[in-house]
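From first to last, the protein sequence lines are chains V and U. Counted from 1, the first sequence has number 160 at position 152 by the working numbering; the numbering is strictly sequential. Counted from 1, the second sequence has number 583 at position 156 by the working numbering; the numbering is strictly sequential. What follows is one structure encoded as structure tokens, with my remarks underneath.
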Amino acid sequence: MGVKARTEVLPGQQISVEQQQRLSVDGLLPSKIMRPVDAEDAARGLRVCDLTPAAVVVWGGGTQMRLGSVPRRYDVAFSTDAMTRLLEYEPADLTCRVEAGMPLKDLQAALRAHGQRLPLDPPHPERATVGGMLAANANGLSRARYGTVRDWVIGIAVAYPSGKVARAGGKVVKNVAGYDLMKLHVGALGTLGVLAEANFKVQAIPEAAATVLGHFEAPMPAIDAAIRLAHQYLAPSASIVLNRDALWACGMTADWRWTLALKLEGYGREVEAARDLAIRFVREAGGRVEGQDIPAAFWDAARDWSAPDGDIVLLRAITPLQAMQPVVDQLPADASVIAQPASGLIDLRLAPSATAGVLERLRAAAGGEGQVVVLAAPPSVKPAIDVWGPPPPGFPIMRALKQALDPNGILNPGRFVGGI
Amino acid sequence: MERADRDGLLLRLRGVVGDRYAFADPYEVRLYQYDASPETALPDIVVIPGTAKEVAQVVKICAEARVPITARSAASSLAGGTVPVEGGVVITFARMDSILEIDIDNLRAVVQPGVVNLSLSQALKPHGYYYVPDPSSQGACTIGGNVGTNAGGPHTLLYGVTVNHVTGLEIALPSGELVQVGGRNAAEAIGYDLTGLLVGSEGTLGVVTRVWVKIQPLPPVQKTLLAVYPDVATASNAVSAIVGTGILPAAIEMMDKLSIQAIEAASHAGYPLDAGAVLLLEVDGTPAVAEELGERMAKVCRENGASEVRVARNEAERQALWKGRKGAFSAMGRLSSDFYVMDGVVPRTKLPETLAKIDAISARTGFKICNVFHAGDGNLHPLVLFDAFEPGQYETVLRIGDEILKLCADAGGSVTGEHGIGLEKRENIRYVFSDDDLEVMDRIRRVFDPHGLMNPGKVFPGKGLKPSALRLPPGHLPRAAAALGAKDDLWV
């Protein structure tokens, strides 16, 4: 059966040319769209795709669709936009259960009404969905203190190509029954199943918050100050080092070469003490603390910066905390840079033409324990580069896991590590 | 295992670890038949490897011979997680107990699986750091075992459980490979998060040979309070009130009347004997913040029915308060010759009604049930007191346990918060997972372990399981404290 014939027998809606364009992935266009209304419906849809077989790309808010290698095939856009309900929320338990298609901003609004929040801040929360955040393991700047998606998901319901919905975890904050499949699906880019529901633990919104900005002439003193702060009990909830380009992109007009921005959160007195400590460490590292007006949208802009649209390429280097210098030394002069020293991350924005060369240099600099991945790139660049880098140790297990859960390879084929 | 097969296997294993560290003498292997649960089963062979490479070779040889493998260290599992229920080879980590690296710069430590939990924090203390998860058995239990069960502890309320503090693992697979997943990085490794999957898999996917953990700075001050209540319902409501203020303490522990009596008899922690329940609360912070939070919490406790709130004035007083809690299980010996520990979880808001139902079970059956537990995260540890010499009591106690776990599951909770499913709860897992859920987990298990050799008989509901090779007679149920030669600082 030919490629065309396969998709013709699929149920689901035919889509308009305009929809096709909107749902394109790396230049590939889908021929059908499926919009399941709940977990069971999603599993039924996947079963049909599996029998056909038709290649499925899952769509949430589309903020991370530029992540990953070019799909091998793309037949069905599997959208979670009809699964947006907040299913359960008990503020006194600090837990909630939501459908995967719920935009993060809506979830945060519901939590905020009770003085609570999910301390995860991936880019573009107005569009990013809960399911997309999980699948892409999209984290924001507050990971330094609060951890990442994996630390806050306590349960999931997943639709599999077998047509079954299977759950893992539960609704309570402490639970070791069965395998922790939340971990397996977080960051799997939808290659093992379609996340239909997620349960989270949440926290009270901190009583106080403050920002400290330090001005540096060179990147390493700023990075070292941030790492030193990360070793303190009063560690910031976010610490980022921006070069001038990135600072401007975040709405600041200051003409500083390198800026250390620190977000401090906690109880009132705690934040006061943390602020004093942060200022002292900045000064001891040779930085200047400037009484700068910080635009209200600064942290949001810095958060969204790592998920650019258009032709911009975004690379991320991941190293142990003390192994950042070799990467910093190799940063191209014209790149826009935001590092998260407390997490060993350096993100840089590049023009597409420079990508291959920079990627190679950074991978060499990142060393044996480091990795450099392409978080976003236009389709014109992707065929010439290795988006994920060499497959990690344990890759044969990963491939076997994929085979076990998606034997016909219909889920996001080819987009993940090592061609999974 | 047939004797000839066993002898042949023993010879091959001795070729790997040396004659001294592999044995099959019935007398010698008897020590490895139990853990801190009442279940027992004899292994055929016990191996004590000295290196990860040896572990990998042992696993490979066993896998080729299709012989079950059960890994254990301290064997403080309360759920029978390390009982070799299908016999075969027990690998024990008594010789792999080194802290390989303390890497303050990168906020990591690298340890062998046999490192005792508490000794890691003790080694870190001079540097001003600690490893957060602190099961009450931390003086005996090991990091390898903690990884197996995704262990918790009182202070995981604020800071998270084992999986939140493990960044990498080296594992030996049945193929004989040693694979490192994750590692030192603060950020996620590329590919599926196998580290996260392996933590809590109870030894059914591979044998852990090395662990990378996060370390964090010690809080400058830990303020500890004891709040006294007339009954558990009032105390439970106070817990909700505390959480409702937006303050999440580092720990909120509850002990009911019976537990208080046992604890006071055993360790003189200073808990008031006439109390219906006490809460043990701890907040971390700088001196000023800890002081302020302590006062705020004391106020909330008083406003919500506490007849008295005591604040530890110094480290000695703090240690005394914690000593009572951490020694609570051992103290039960003062009340009863035997007890059975449960590990259910309910949503915090369901604590009062769940405790009332457990009380009703106690009244109906005539068995005393103590409650010592992590109230902050709804993790209950009902202890059913009984006398194993009385025929039929143990069987009744198991039925009571079953009923309590069903209660927890029906309240929207779980059948285990930190002890693991093990052997004990492999049927109870059905209270929280459907066949479809378990089928997906089983597929994942078979990816790692196609022949079902890794700690078989655990986690999943029984499929033609062999009965325990040996059940000790009534009155000889092994008690963990005695089994481990430990003193009074064991458990949970």
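Glycine included, every Cβ here is placed at the ideal spot set by N, Cα and C.
Reducing DSSP to helix, strand and coil, say where W67/V ends up.
DSSP, read as helix, strand or coil, puts W67/V in strand.
- prompt: With distances taken from CA atoms, which of N183/V, D129/V and A176/V is nearest M190/V?
  reply: Of the candidates N183/V, D129/V and A176/V, the one whose C-alpha sits nearest the C-alpha of M190/V is A176/V.
| Does the Cβ of H582/U have 16 or more other Cβ atoms within 10 Å, making it buried, or fewer, making it exposed? | H582/U counts as buried, since at least 16 other C-beta atoms from the protein chains shown sit within 10 angstroms of its C-beta.
> Of the residues S504/U, A492/U, E491/U and N612/U, which one's Cα is nearest the Cα of A536/U?
Replying inline: Among S504/U, A492/U, E491/U and N612/U, the Cα nearest to that of A536/U is on N612/U.
Margin query: Which residues of the region 172 to 191 of chain V have a Cβ closer than 8 angstroms to any Cβ of chain A? Give them in chain order.
Written below: Of the chains in the structure shown, none is chain A; the protein chains are V and U.
Notebook entry, point to check: Quick one: does D863/U have its CB under 9 angstroms from some CB of chain V?
Noted result: Contacts with chain V at 9 angstroms (Cβ-Cβ) include D863/U.
Taking C-beta to C-beta, are I162/V and I248/V nearer than 9 angstroms? Not a contact, by the Cβ cut-off of 9 angstroms.
Roughly how far, in whole angstroms, is the beta-carbon of A614/U from the beta-carbon of I326/V, given that I think they are within contact range, below 8 angstroms? Confirmed, Cβ separation roughly 4 angstroms.
> Between V64/V and the rest of its own chain, which residues show a CB-CB distance below 6 angstroms, the 5 nearest in sequence each way excluded?
Replying inline: Excluding sequence neighbours, V64/V sits near C57, V84, F86, I418 and L419.
Sequence-distant residues of its chain with Cβ nearer than 7 angstroms to A47/V (five each side left out)
Contacts found: A165, A167, V173, A204 and E205.
Can you list, in chain order, the residues of its chain whose CB lies under 7 angstroms from that of E691/U, leaving out five sequence neighbours each side? Result list for E691/U: Y698 and L700, in chain order.
Q.
Please classify H695/U as buried or exposed, where buried requires at least 16 neighbouring CB atoms within 10 angstroms.
A. The residue in question, H695/U, is exposed, as its Cβ has fewer than 16 Cβ neighbours within 10 Å.
If you run the structure through DSSP and keep just helix, strand and coil, what is E278/V?
The answer is helix: DSSP assigns E278/V an H, G or I state.
Note down, in chain order, each residue of its chain lying with its Cβ closer than 6 angstroms to the Cβ of T636/U, except the 5 sequence neighbours on either side.
Short of 6 angstroms from the beta carbon of T636/U, and not among the five residues preceding or following it, lie these beta carbons of its own chain, in chain order: A479, V482, E597 and A599.
Worksheet item: Relative to the C-alpha of L778/U, which residue among V768/U, R853/U and N806/U is closest?
Response: Comparing Cα-Cα distances from L778/U to each of V768/U, R853/U and N806/U, the minimum goes to N806/U.
Quiz item: Given that P399/V touches chain U, what residues does it touch there, using C-beta distances under 9 angstroms?
Solution: Residues of chain U passing the Cβ test: I617 and G618.
Chain-ordered chain U contacts of H239/V [CB-CB under 8 angstroms] = Here the neighbours are I531, L534 and P644.
- Report the residue from L850/U, G477/U, T672/U and R826/U whose alpha carbon sits nearest the alpha carbon of D446/U. Of the residues L850/U, G477/U, T672/U and R826/U, the one whose Cα lies closest to the Cα of D446/U is G477/U.
Handout entry: Contacting positions in the region 857 to 890 of chain U - beta carbon closer than 8 angstroms to chain V
Key = For the region 857 to 890 of chain U, which is checked against every Cβ of chain V, the residues closer than 8 angstroms are V859, F860, S861, D863, D864, L865, E866, V867, M868, R870, I871, R872, R873, V874, F875 and V886.
* K472/V, buried or exposed, once every other Cβ within 10 Å from all chains shown has been counted against 16 -> Beyond the ends of chain V as shown, which are 9 and 428, falls residue 472/V; an answer cannot be given.
Run through DSSP, which three-state label would G417/V get?
DSSP places G417/V in coil when its eight states are reduced to three.
Original post:
In terms of residues, what are the limits of the alpha helix (DSSP H) holding L203/V?
Top reply: Element bounds for L203/V: not the alpha helix (DSSP H) but the beta strand (DSSP E), V202 to K209.
Inset, instruction - Please confirm whether L832/U and V824/U have their CB atoms less than 9 angstroms apart. - result: With contacts defined as CB atoms closer than 9 angstroms, L832/U and V824/U fail to qualify as a contacting pair.
Length-filtered (4 minimum) alpha helix (DSSP H) runs lying within the region 539 to 601 of chain U | Complete alpha helix (DSSP H) runs here, min 4: 544 to 551, 570 to 576 and 583 to 586.
Review point. Would you report the Cα separation of L892/U and G884/U, rounded to the nearest angstrom?
Key: Summary for L892/U: the model assigns pLDDT 39, below 50, so the residue's position carries little reliability, and this model does not support an answer.
- prompt: Among Q21/V, D284/V and A359/V, which has the Cα closest to the Cα of D319/V?
  reply: D319/V has its Cα closest to that of A359/V, out of Q21/V, D284/V and A359/V.
Residue range of the alpha helix (DSSP H) that includes K191/V
Taken as a continuous stretch (DSSP letters only), the alpha helix (DSSP H) holding K191/V covers L189 to H193.
_I428/V - DSSP class collapsed to helix/strand/coil_ = DSSP places I428/V in the coil class of the three-state scheme, outside both helix and strand.
Whole alpha helix (DSSP H) elements within the region 669 to 756 of chain U, 4-residue minimum: Listed in chain order, they are 684 to 694, 714 to 730 and 742 to 753.
**Item:** From I475/U, V574/U and G515/U, residue whose alpha carbon lies closest to that of D434/U
**Value:** For the options I475/U, V574/U and G515/U, the alpha carbon positioned closest to that of D434/U is the one of G515/U.
Assuming the contact rule is C-beta atoms closer than 8 angstroms, G375/V and P334/V should be a hit. Round their C-beta distance to whole Å, please. Between P334/V and G375/V the Cβ distance is about 7 angstroms, and since that is below 8 angstroms, they are a contact.
Residue range of the unbroken beta strand (DSSP E) whose run includes E134/V = Segment: none, E134/V is in no beta strand (DSSP E) and carries neither H nor E.
Which whole-angstrom value describes the C-beta separation of L242/V and A281/V, a residue pair presumed to lie in contact below a C-beta threshold of 8 angstroms?
So it is a contact: roughly 6 angstroms between Cβ atoms.
Does the Cβ-Cβ distance between V710/U and T672/U come in under 9 angstroms?
By the CB criterion at 9 angstroms, V710/U and T672/U fall outside the cutoff.
Practice problem: In angstroms with no decimal places, state the Cα-to-Cα distance between G575/U and L850/U. | Solution: The alpha-carbon atoms of G575/U and L850/U are separated by roughly 14 angstroms.
| query | chain V partners of E780/U, CB-CB under 8 angstroms? | reply | Ordered by position in chain V, no residue passes the 8 angstroms Cβ test against E780/U, which lies about 13 angstroms from the chain.
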